[in-house]
Amino acid sequence: MDEGTGDSLLGWEPRRGVTRKSTLILYLRRVFARWSTRLWTFFILFGLFILYTKNRRPSVTKLGEWKSDLQYKGRTTTNKEWKRRADAVKDAFIEAYNAYESKAFPKDELRPLTGDGVQILNGWGLTAVDALDTMLLMGLHAQANRTIRHVETLDFSGRHKTLFFETTIRYLGGLLSAYHLTKNPILLQKADELGKSLLAAFNTTSGLPVFAIDSGNGDRIPMDWNGGYSLLAEIASCQMEFKYLAYLTDTPIYYETVDRVTSILERQQGPGGLWNTFWNTTDGKQANKHLSIGAWADSGYEYLLKEYLLTGQTDKRLESMYKKSMFGAISQLVFISPNRHMIYITDIRERLVTAQFEHLSCFFPALLALGTHILPNWTQNELELHQMVAHGLAESCWLTYKDSPSGLGPEDVLFNPFLPRDMDSGRFIKHYDAWATTGRKGAGPIGLNPLATPVKSRIFQGVQRDYSIKLPDYKLRPETVEAMYLMWKTTKNPIWRERSWEIFENMLRWTRKDNGFAALSRAWDPQAGSQNSMPSFFLAETLKYLYLSFLDPEEDPWPLDQYVFNTEAHPFPVFAWTGAQQRRWDAVRSSFSL
């Protein structure tokens, strides 16, 4: 057989005396010799790369230079598109309010599944009054005028079980903001009438307000569920409304009554900065061992900052109390989850960390963002820490939405513990301090670098997500979109704005009904059904924050340095006391300290 023509393994016939096996060995040796140099070169370079990455010095974040690495990677949304999005929110508001007005008014709220109304708070047309300033914001003057005519007919002296806190933030707050926006005297007159009626709640030995009163005779109505105590959120979330009313009407009793509560809080703020949730209205003392910024406490901390801003940053007690309480909350209540390193804020009951993260607590990053944006007197360490926690918590609030199949977040989740079980090693402040005192290497402590990513899998969800669902319903609440709005306004990072739009799209998809919008029974399973509820805060807060998020920032009707939102998203203008008022209030505070 000629060379190169045989049917051999290598395509050629070996010479006489050479076996096929030895030929294969020779061939492999040639191949190895040809590639060995290249392989050695590869391994040497790879080893050098490993040594470099292992030993190279990481980047260092200098104090005062931290900023989030979070970036929006989608296409740029044009101003024209943002206007279209704002109009879409306005259309949703019109649809929701028309359903309420046609099916439920003058009752308090719409039941969207049955197409009728329900009385939940005094029967004074809650949704109409609560949503009045949203109508004015959106230029819906016909609806607003009908609501004002309704307000003119209200009689607050009838016999009703009046919940002090909810009536103050929704009705009184709504009337005061609408008065500012319209200057219609009937709105201030009715606010004054309601304010006088609510003063009966303070008729206690301590001066702390009770949970509920009979609006007809002012008698206290005891509530069994809370043991007759008042909540921190209730006693400390009336100061904005009553002090603004005192300013507008020049009525000293409004100021004196609520400032007495502030003085009690100041005296009982310990070195940890926080207060317990239950208060005895007889002796004015704290009545349990429960630290929280959730449902029973939230707006009590919120109003320390907002009252200070509202009154022109003149009452320095409030600034001090706010900063002390924020450091207390961050150092004691803010934790990191074990795997995804999500930052969350929780409760401590009888010294035990609950690991519960409430939707209501998503107001907290908004509060921190507002404080760092407006207040001037921060150290670099304080500013950095507050900004980091605001960013991390807002991100976690977003992730509880993004993880969900509906794109809408549940009411409460329960985080897995960061071992050891005492949870102390999971406190964010410990990781921040360790990062800050060991060279500040990298872009930040864990929880911020790297950021967690969404988890959609239904297999071992609690393990993968780091949390399980405690309360599954989505109640159309505003706190997460409030956080998105304040993060957008204070950082100018468009990703927060885009996330608000994504939430709104999911809201339209899953909660829209023939009659308005309905809360979901299970955010994680939107097909499981809806609740027969469209809360007034959906129109007063949720849609308002979404609409403001999409407006042209150059045309912001309520700039953050000129307006302060109460906890029901009613905007009050920043004001300055008259000279006579300031002297009077100084004397009042002096008498409380005696």
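Just so you know, we're using my numbering here: the sequence shown kicks off at 18 and counts up by one.
All residues carry an ideal CB built from backbone N, CA and C; glycine is no exception.
Note that the coordinates shown come from a computational prediction; the quantities given were computed from them, not determined experimentally.
- Within the region 126–159, the beta strand (DSSP E) runs of at least 3 residues that lie entirely inside it are, in chain order, 126–128, 133–135.
- Taking a 10 Å sphere around the C-beta of V77, we find fewer than 16 other C-beta atoms and assign the residue as exposed.
- Counting only unbroken stretches of 3 or more residues, the beta strand (DSSP E) elements lying wholly within the region 402–481 are 429–432, in sequence order.
- With contacts defined by Cβ atoms closer than 8 Å, G464 and H587 do not form a contacting pair.
- Nearest to T507 by C-alpha distance, out of A105, G91, R284, H390, is H390.
- Residue environment for S309: buried (at least 16 other C-beta atoms within 10 angstroms of its C-beta).
- The DSSP-derived three-state label of Q599 is helix.
- Contact between the region 423–432 and the region 481–494 is established, with three or more Cβ pairs separated by less than 8 Å.
- Judged by beta-carbon spacing, G290 lies within the 8 Å limit of G345, meaning their Cβ atoms are closer than that value.
- A direct Cα-to-Cα measurement between A145 and L180 gives close to 18 Å.
- Residue pairing of E375 in beta bridges, as defined by DSSP: D429.
- Following the DSSP letters along the chain, one finds F352 in no alpha helix (DSSP H) but inside the beta strand (DSSP E) bounded by residues 351–353.
- Between V605 and E273, the gap from beta carbon to beta carbon is short of 8 Å.
- For the 8 Å CB-CB criterion, H307 and R368 do not form a contact.
- Excluding its 5 nearest sequence neighbours in each direction, P355 has C-beta neighbours in its own chain below 8 Å: N433, P434, F435, L436, G443, D483, listed in chain order.
- Annotation: the continuous alpha helix (DSSP H) that includes I281 extends over 269–284.
- Non-local beta-carbon contacts of Q286 in its own chain, meaning distances under 8 Å to residues more than five positions away in sequence, involve W292, M338, K341, S342 in chain order.
- The DSSP-derived three-state label of N162 is helix.
- In the displayed model, Q303 falls within a strand according to three-state DSSP.
- Per DSSP, Y361 is not a residue of any alpha helix (DSSP H); the beta strand (DSSP E) it occupies stretches across 360–362.
- Its Cα nearest to that of L321, the residue V275 stands out among W296, K107, V275.
- For T279, the closest of R334, D267, T328, Q330 by C-alpha to C-alpha distance is R334.
- If you draw a 10 Å sphere on the C-beta of D332, you find 16 or more other C-beta atoms in it, and that means buried.
- Here K207 is not near M257, since their CB atoms are 8 Å or more apart.
- Out of Y271, A116, Q373, the CA that lies nearest to the CA of P427 is found in Q373.
- Per DSSP, P590 lies in no alpha helix (DSSP H); the unbroken beta strand (DSSP E) holding it starts and ends at 588–590.
- Apart from sequence neighbours up to five positions away, the residues of its chain that approach D125 with a beta-carbon distance below 8 Å are G134, V135, Q136, I137, L138, N139, G140, W141, G142, L143, T144, S553, ordered along the chain.
- Checking the DSSP bridge columns, you'll see N510 has no partner listed.
- In the structure shown, the three-state DSSP call for Y491 is strand.
- Taking the Cα positions, K419 is about 15 Å away from D429.
- Under the 10 Å beta carbon count, R176 is surrounded by fewer than 16 other beta carbons and is classified as exposed.
- In the DSSP assignment, T389 falls within the alpha helix (DSSP H) that extends over 380–391.
- For the pair E336 and L384, the Cα-to-Cα distance works out to about 13 Å.
- The three-state reading of DSSP puts D209 in helix, counting H, G and I together.
- Counting of Cβ neighbours within 10 angstroms places S119 among the exposed residues, the total staying below 16.
- CA-CA distance, A411 to N510, rounds to 13 Å.
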